[in-house]
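Peer 1: I have a structure here, written as structure tokens, and I will follow up with some questions on it.
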Amino acid sequence: MFIITYREEPRFSENDLVELARRTPKFRQLHDLLQVVCADARVQLAVRHDLVPWGTHAATRGAPALAANVTICVAVVRRLMSWSYRTTMQELNVNAGWRWVCQLYLERVPNFRTIQEREAKLKPKTIRLIHEVVVEWGTRLGVTQAKKLRLDGSVTETNIHYPTDSSLLDDAARVLSRLVKQARHLLQPRSAADKIWFRDRHRQAHHLARDISRLSRSKAKNTAKSSRKLYKRLLVVVQALLQQVAEIQPRLRKLQDPAADGLHAELDHYLPLVERVIAQTQQRVLHGKPAAASDKVLSLFEPHTALICRGKAKPKETEFGRKIWYAEVDGGLISEYRLLKGNPDEAQFFVPSLQQHCQMFGIPPEEVCGDRGIHSPENEQQARALGVRHVSLPQPGYKSDRRRQQEKQPWFRAAQRFRNGIEGRISQLRRARHLDRCLAHGEVGMERWIGWGVMANNLATIAQFLIKHHRSVTLASC
16 MFIITYREEP RFSENDLVEL ARRTPKFRQL HDLLQVVCAD ARVQLAVRHD
66 LVPWGTHAAT RGAPALAANV TICVAVVRRL MSWSYRTTMQ ELNVNAGWRW
116 VCQLYLERVP NFRTIQEREA KLKPKTIRLI HEVVVEWGTR LGVTQAKKLR
166 LDGSVTETNI HYPTDSSLLD DAARVLSRLV KQARHLLQPR SAADKIWFRD
216 RHRQAHHLAR DISRLSRSKA KNTAKSSRKL YKRLLVVVQA LLQQVAEIQP
266 RLRKLQDPAA DGLHAELDHY LPLVERVIAQ TQQRVLHGKP AAASDKVLSL
316 FEPHTALICR GKAKPKETEF GRKIWYAEVD GGLISEYRLL KGNPDEAQFF
366 VPSLQQHCQM FGIPPEEVCG DRGIHSPENE QQARALGVRH VSLPQPGYKS
416 DRRRQQEKQP WFRAAQRFRN GIEGRISQLR RARHLDRCLA HGEVGMERWI
466 GWGVMANNLA TIAQFLIKHH RSVTLASC
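In this text, residue positions in the sequence shown follow the numbering used here: the first is 16, and each later residue adds one.
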């Protein structure tokens, strides 16, 4: 049964620990902010669509599920406090203040797996909607006037090991051997000739990958020839596994079993990735032609990972993850976050961010600024056409006398000083909100990871503003 929120009973409100939490500014402001955000009708409708399966009676029948408001509040608090799911469950069990903030009150604390599963059901577009509601409340409360906009990009790494051809082939052998083993339990081969198709080759592949790794670290000369021989043997092992899978798949199709269908779907997912890993290894090792960065498979488990080079110093000269584009308004609120494909030129996202700003706040910013990587004459012209008064984008390379004079003007320098602040904001997001490395799985998981981190940071910024100016949020202000 779907429940929007729980009722706060008097015997909970009268508890001394809850009263102490009410008097603590951090708890009070965060509770009030989460309450008004969760009370928004758009948020409640979107969350209901995500949590209640379409075409079922789960909304009106069955055991009461965890309240929708609690799902949102717990997800925000977990990211604010950098807790694991298990730690979140333990804190809610013993801390009356966090129970009050999360609107759990006297209800039973859900298991940590339930917290994780409910959070994973919320779609990225729902999290983006909640983020927009948070920014709306920040504007309504006076945190931002939306007159200044600064833009910059960063990289969030995916949770993968350093990708080498040998390690990717080792991963391929491990995954395919595991799936072949599962198929053996379903198909139950009888004869010795039939059992050959279910051979586990992971140990052999792992030993070869380990030898290649040791050889690459060796200081001996002329190791390239030995490494090439080991790579050839490793490729033979993985290709043999592909032949086994090609023999097993038709048999799985004949089984009328949900487990066989699920196994077949997994094989369909991994086979194209393994074939691409084999092709890129053959191209680099055997033919001496490295594949293009945009075509490389960097992980079998996070195939959306991109290879990003931004001219950073070692050891970050090459990063493996996704580029994230941020837009921040005055007051410290992140108004937009966007996952970018591959390693694109950031200049192309300047105008869309301005249009997004106009759509969100109803007015163009008076001032917009970015680094020299965003500059282009077209961007400056389109920004002024949208109504932006001051466009501060340093021009790279050669500058005319007129351009140098423009960039020396006080307003331009002041805008660049304001622009420097977004680097500190991104650093805070990476450190305090853990946007340096995504621990969620898949592209959708990364969108959720970034969204919750940005939303938690915005709520913390609004709460700090209200505490500093001795203001409060109440439902009466809706």
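The beta-carbon is built from N, C-alpha and C at its ideal position, and this holds for glycine as well.
#1: Report back the beta-carbon spacing between L250 and Q297 to the nearest angstrom; my notes put them in contact at under 8 angstroms.
#2: Are the Cβ atoms of V292 and L444 separated by less than 8 angstroms?
#3: Kindly indicate which three-state DSSP category L348 falls into: helix, strand or coil?
#4: Would you check if the distance between the CB atom of L166 and the CB atom of T129 is smaller than 8 angstroms?
#5: Spatial neighbours of R404 within its chain, please: C-beta separation below 8 angstroms, excluding the five flanking residues on both sides.
#6: Is it a yes or a no for the region 67-80 touching the region 420-429, going by three-plus beta-carbon pairs under 8 angstroms?
#7: DSSP state of R337, grouped into three classes?
#8: Taking buried to mean at least 16 other C-beta atoms within 10 Å of its own C-beta, is N108 buried or exposed?
#9: Taking the alpha helix (DSSP H) that A188 belongs to, which residues open and close that run?
#10: Quick check on A478: does DSSP put it in helix, strand or coil?
#11: When DSSP labels each residue in this structure, what does R452 get in the three-state scheme?
#12: In the DSSP assignment, find the unbroken beta strand (DSSP E) run with A447 in it and report its ends.
#13: Hey, how far is the Cα of P287 from the Cα of Q264?
#14: From the DSSP output, read off the bridge partner residues of L164.
#15: Just verifying my parser: in three-state terms, what is the DSSP assignment at E172?
#16: To the nearest whole angstrom, what separates the beta carbons of L474 and L156, a pair I think is in contact under 8 angstroms?
#17: Given Y177, which residues of its chain have a CB within under 8 angstroms of its CB, disregarding the five upstream and five downstream residues?
#18: With a Cβ-Cβ cutoff of 8 angstroms, do I87 and V62 count as a contact?
#19: Would you kindly work out how many angstroms separate the C-alpha atoms of V469 and H146, rounded to a whole number?
#20: With DSSP collapsed to three states, give me the class of S494.
#21: With DSSP as the reference, label H46 as helix, strand or coil.
#22: Is there contact between the region 277-287 and the region 133-153, where contact requires at least three CB pairs shorter than 8 angstroms?
#23: At a cut of 8 angstroms, does the region 252-263 reach the region 210-229 through at least three beta carbon pairs?
#24: Counting along the chain, where does the beta strand (DSSP E) carrying I323 start and finish?
#25: The beta strand (DSSP E) that contains H405, what's its start and end?
#26: Can you tell which of H319, S350, G346 and G347 has its C-alpha closest to the C-alpha of K338?
#27: Between the Cα of R432 and those of A455, C453 and L408, spot the shortest distance and give me the residue it belongs to.
#28: Taking the continuous alpha helix (DSSP H) assigned at I145, which residues delimit it?
#29: What are the partner residues of R291, as DSSP defines its beta bridges?
#30: Compare the C-alpha of H200 against each of V300, Q424, R266 and T489 and name the closest.
#31: On the CB-based measure, 16 or more other CB atoms within 10 Å of its CB, does M96 come out buried or exposed?
#32: For C53, count the other beta carbons within 10 Å of its own beta carbon; 16 or more makes it buried, fewer makes it exposed. Which is it?
#33: For R93, count neighbouring Cβ atoms within 10 angstroms of its own Cβ and tell me buried if that reaches 16, exposed if not.
#34: Got a sec, what are the start and stop residues for the alpha helix (DSSP H) G402 sits in?
#35: Tell me the rounded alpha-carbon separation between V158 and V91.
#36: Does G412 pass the burial test, meaning 16 or more other C-beta atoms within 10 Å, or should it be called exposed?
Peer 2: Inspection of the coordinates gives the following:
#1: 7 angstroms
#2: no
#3: strand
#4: no
#5: For R404, where only same-chain residues beyond five positions count, the Cβ hits under 8 angstroms are E381 and E382.
#6: no
#7: Looking at R337 - three-state DSSP - the assignment turns out to be strand.
#8: exposed
#9: D180 to L202
#10: helix
#11: strand
#12: Looking at the DSSP string, A447 is not in any beta strand (DSSP E); the run it does join, the alpha helix (DSSP H), is P425 to A447.
#13: 14 angstroms
#14: V344 and V383
#15: strand
#16: L474 to L156, Cβ: 12 angstroms. No contact.
#17: Result list for Y177: F335, in chain order.
#18: yes
#19: 8 angstroms
#20: Only positions 16 to 493 of the chain appear in this structure, which leaves residue 494 out of reach.
#21: helix
#22: Touching, no.
#23: yes
#24: A321 to I323
#25: In the DSSP assignment, H405 falls within the unbroken beta strand (DSSP E) covering H405 to S407.
#26: H319
#27: Nearest in C-alpha terms to R432, of all of A455, C453 and L408, is L408.
#28: P139 to R155
#29: Partner(s): none; R291 has no beta bridge.
#30: R266
#31: exposed
#32: Buried is the call here.
#33: buried
#34: In this chain, G402 is not harboured by any alpha helix (DSSP H), its DSSP state being neither H nor E.
#35: Linking V158 to V91 through their CA atoms gives a straight-line distance of about 20 angstroms.
#36: exposed
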